[in-house]
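Taking it in order: structure first as structure tokens, then the write-up.
2 protein chains.
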Amino acid sequence: MKAQKNPSVTRAPNKSAPGSKSAYFKPAAMLNPRGLRSRERLKEAAREVLNEKGYHSLRVQDITERAAAANGLFYRYFHDLREIVAEICSDFFDQLIEASGTLDVGDEPYNWIYQNHRDVVDRFAQNPGVLAVLFGLAGDYEEFDVIWKRNAHKWNLQVAGFLQASAGFERSHAERMGFVLGAMIEGVIYQALIRHTDDLFEFGSEPKDIAETSAVMWYRAIFLTNPPINLLGVTGKHLAGETTAKKDT
Amino acid sequence: MKAQKNPSVTRAPNKSAPGSKSAYFKPAAMLNPRGLRSRERLKEAAREVLNEKGYHSLRVQDITERAAAANGLFYRYFHDLREIVAEICSDFFDQLIEASGTLDVGDEPYNWIYQNHRDVVDRFAQNPGVLAVLFGLAGDYEEFDVIWKRNAHKWNLQVAGFLQASAGFERSHAERMGFVLGAMIEGVIYQALIRHTDDLFEFGSEPKDIAETSAVMWYRAIFLTNPPINLLGVTGKHLAGETTAKKDT
Numbered sequence: 001m002k003a004q005k006n007p008s009v010t011r012a013p014n015k016s017a018p019g020s021k022s023a024y025f026k027p028a029a030m031l032n033p034r035g036l037r038s039r040e041r042l043k044e045a046a047r048e049v050l051n052e053k054g055y056h057s058l059r060v061q062d063i064t065e066r067a068a069a070a071n072g073l074f075y076r077y078f079h080d081l082r083e084i085v086a087e088i089c090s091d092f093f094d095q096l097i098e099a100s101g102t103l104d105v106g107d108e109p110y111n112w113i114y115q116n117h118r119d120v121v122d123r124f125a126q127n128p129g130v131l132a133v134l135f136g137l138a139g140d141y142e143e144f145d146v147i148w149k150r151n152a153h154k155w156n157l158q159v160a161g162f163l164q165a166s167a168g169f170e171r172s173h174a175e176r177m178g179f180v181l182g183a184m185i186e187g188v189i190y191q192a193l194i195r196h197t198d199d200l201f202e203f204g205s206e207p208k209d210i211a212e213t214s215a216v217m218w219y220r221a222i223f224l225t226n227p228p229i230n231l232l233g234v235t236g237k238h239l240a241g242e243t244t245a246k247k248d249t
Numbered sequence: 250m251k252a253q254k255n256p257s258v259t260r261a262p263n264k265s266a267p268g269s270k271s272a273y274f275k276p277a278a279m280l281n282p283r284g285l286r287s288r289e290r291l292k293e294a295a296r297e298v299l300n301e302k303g304y305h306s307l308r309v310q311d312i313t314e315r316a317a318a319a320n321g322l323f324y325r326y327f328h329d330l331r332e333i334v335a336e337i338c339s340d341f342f343d344q345l346i347e348a349s350g351t352l353d354v355g356d357e358p359y360n361w362i363y364q365n366h367r368d369v370v371d372r373f374a375q376n377p378g379v380l381a382v383l384f385g386l387a388g389d390y391e392e393f394d395v396i397w398k399r400n401a402h403k404w405n406l407q408v409a410g411f412l413q414a415s416a417g418f419e420r421s422h423a424e425r426m427g428f429v430l431g432a433m434i435e436g437v438i439y440q441a442l443i444r445h446t447d448d449l450f451e452f453g454s455e456p457k458d459i460a461e462t463s464a465v466m467w468y469r470a471i472f473l474t475n476p477p478i479n480l481l482g483v484t485g486k487h488l489a490g491e492t493t494a495k496k497d498t
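Which chain is which? The protein sequence lines are W and P, in order.
Just so you know, the first sequence maps onto residues 1 to 249 in the working numbering.
Just so you know, the second sequence maps onto residues 250 to 498 in the working numbering.
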């Protein structure tokens, strides 16, 4: 077989990708279906190990062992660990954004907000290694930050579309608020899933509670009223001020 | 002078604090006024260097040079760099929380929210090294995370007090919302001052713009109406939907 170089990779190879291996490398676009399946299996294995051990402890050998593949096979498909992790993070967002873009929750705007939050929180809660990488806790901050920003932008624009349709906001107003709402849920995710802040968990620490907490605040800030109370659980009702004597409406 | 050991320090000394120096150490409570001034001067120098170079590049020699002190003097007052940085972070929060607790902005709740946000954003913007440490970008995450949580909790309780007084919320409702509002501004600060997210800066990237962005969203989520429009700049007016045809009130 012919030696290949991926022309899009201009970064100097690091110690995970010794130069002696690069002649063996084959870019994804050149792979046959069997090669693509093998490559995907390595990515799935790497995602599992990343979420179990974290980026700092991630080793090529762990990945190939998990995938039941020969150790050297890794370098046939990826230059180094950063490349496979970056691709895992991009795939993670592709799936998240596709799910967010195809939510089918009927006419009640609160359901859209809650389901969207729930899906995001669920996905991050199930992928702590990906989350830590995207928040710079694993080093290599700038590289993964670019992936976060590009995808957060897409997600925020979907929110802006929702605000236009459901709240009747003008496009620029909807985008502006979508960006700020995106920053706000980033803070909630950071506190809930990275800091594990007790304060936030007073009424529950499950993804449904975290999603409801953020969703109720979004709804109030967007629509300037509480969401329909019958749609809320204990967490949301308390935040909406509906479990105590109502001085606050 | 007598050799001292700080009994509260149980952590094994790291390479920044060689054991040979520890007999020389003198805890703050044992210092005379001149010693305390000298110790404070080192902390101020360390804060400057931390904000200029970041935690990873912080060296004892940089600190003593900046303070025009003998290199060995550092170990008279501090065990290691982590100790001085932890103290800098705690001092940073003490000042921030004192400022927040003594705001005098009259009867308009929006002014309290805005001035509080403005002060927080200003302080973090002026202390990027402290900010990075508190968000775990410098490693040693858990140690500094404890400092963040303890102080964020205090700040959130001040917000809860404001919500009781200004919005008439019950105590538990006020605390609950204070904690969530705290998480939300953490997200805005993270995007504005760490990620430098362009989306957020469309109407300005100065601390006043960041503070106004977050303050308007808080106000809407708390009071379920827009803040008085005459108090808002361009950023806030746009977020409140007051610069375009108003479909959205």
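Glycine residues also receive a C-beta, built at the ideal position from the N, C-alpha and C atoms.
Short CB-CB distance (under 8 Å) between residue i and chain W
| i | result |
| --- | --- |
| N360/P | no |
| D356/P | no |
| Q440/P | yes |
| I434/P | yes |
| A470/P | yes |
| D394/P | yes |
| I333/P | no |
| N263/P | Only weak support is given to the placement of N263/P: the predicted model assigns it a pLDDT of 45, under 50, and the value that follows is read from those uncertain coordinates. Cβ-Cβ to chain W under 8 Å: no for N263/P. |
Own chain partners of residue i with C-beta closer than 8 Å, once the 5 adjacent residues on each side are dropped
| i | result |
| --- | --- |
| G106/W | none |
| E435/P | A401 |
| P228/W | E108 and Y110 |
| A167/W | P109, A174, I222 and F223 |
| N300/P | Q375, N376, P377, G378 and V379 |
Sequence-distant residues of the same chain with beta carbon closer than 7 Å to residue i, five excluded per side
| i | result |
| --- | --- |
| T446/P | Q440 |
| F135/W | Y190 and I194 |
| Y114/W | A211, E212 and A215 |
Amino acids of chain W, ordered along the chain, whose beta-carbon sits closer than 7 Å to that of residue i
| i | result |
| --- | --- |
| Y390/P | L137 |
| E451/P | R176 |
Nearest candidate by alpha-carbon position, reference residue i, set the options
| i | options | result |
| --- | --- | --- |
| A374/P | M433/P, I459/P, N475/P and V298/P | I459/P |
| L386/P | L285/P, H487/P, E293/P and R444/P | R444/P |
| V49/W | A221/W, I84/W and L103/W | I84/W |
| R469/P | M177/W, I189/W, P228/W and L200/W | M177/W |
| S181/W | Q344/P, V437/P, E424/P and E391/P | Residue identity differs from the one stated: residue 181/W is Leu in this sequence, not Ser. Nearest of Q344/P, V437/P, E424/P and E391/P to L181/W, Cα basis: V437/P. |
| D145/W | I97/W, F93/W, S166/W and A67/W | F93/W |
| Y390/P | A132/W, L81/W and P33/W | A132/W |
| N376/P | T351/P, C338/P and N475/P | C338/P |
| H238/W | D91/W, F201/W and S38/W | F201/W |
| G101/W | D91/W, R47/W and N116/W | N116/W |
| H173/W | V309/P, G485/P and M433/P | G485/P |
| S454/P | L480/P, V370/P, L473/P and L345/P | V370/P |
| A489/P | S38/W, G72/W and E170/W | E170/W |
| K457/P | R331/P, R367/P and I396/P | R367/P |
| T64/W | S57/W, E242/W and F74/W | F74/W |
| R82/W | T225/W, V60/W and A29/W | V60/W |
| A69/W | A183/W, V234/W, S38/W and R34/W | S38/W |
Per-residue contacts from residue i into chain W (C-beta, under 8 Å)
| i | result |
| --- | --- |
| N479/P | Within 8 Å Cβ-Cβ: nothing; N479/P doesn't reach chain W, min ~19 Å. |
Contact set between residue i and chain P, taken where Cβ atoms lie within less than 7 Å
| i | result |
| --- | --- |
| I233/W | The residue asked about is misnamed: residue 233/W is Gly in this sequence, not Ile. Within chain P, no residue comes near G233/W; the closest Cβ sits about 14 Å away, beyond 7 Å. |
| D199/W | H402, N405 and F428 |
| K149/W | R444 and T446 |
| G241/W | F418 and H422 |
Where residue i meets chain P, residues with beta-carbon distance less than 9 Å
| i | result |
| --- | --- |
| R123/W | Result: empty, since nearest Cβ-Cβ is about 17 Å, beyond 9 Å. |
Residues that residue i contacts on chain P, provided the C-beta gap is smaller than 8 Å
| i | result |
| --- | --- |
| H238/W | S421, H422 and R425 |
Cβ of residue i within 8 Å of any chain P Cβ
| i | result |
| --- | --- |
| A161/W | Note on residue identity: the sequence assigns Gly, not Ala, to residue 161/W. Output row for G161/W: interface = no. |
| F92/W | no |
| A245/W | Residue confidence is low: A245/W scores 44 on pLDDT, short of 50, so the model does not pin down where it sits. No coordinate-derived value is stated. |
| L224/W | yes |
| M30/W | no |
| S8/W | Any answer about S8/W is weak, because its pLDDT of 39 lies below 50 and its placement is not dependable; what the coordinates show is given next. S8/W does not count as touching chain P. |
| T102/W | no |
| T64/W | no |
| R11/W | Any answer about R11/W is weak, because its pLDDT of 41 lies below 50 and its placement is not dependable; what the coordinates show is given next. Answer no: the Cβ-Cβ gap between R11/W and chain P never drops below 8 Å. |
Sequence-distant residues of the same chain with beta carbon closer than 6 Å to residue i, five excluded per side
| i | result |
| --- | --- |
| F327/P | I333 |
| A316/P | R290, L291 and A294 |
| R76/W | Y24 and K26 |
| L480/P | Y359 |
| A99/W | D119 |
| R296/P | I337 |
Partner residues on chain W for residue i, Cβ-Cβ distance less than 9 Å
| i | result |
| --- | --- |
| V437/P | V180, A183, M184, E186 and G187 |
>> Whether or not the region 202-222 of chain W and the region 106-113 of chain W are in contact is what I'm after, with contact meaning three or more pairs of Cβ atoms, one per stretch, closer than 8 Å; do they touch?
In response: Touching, per the Cβ criterion.
> Counting Cβ pairs, one atom from each stretch, are 3 or more of them under 8 Å apart for the region 398-412 of chain P and the region 157-173 of chain W?
Replying inline: no
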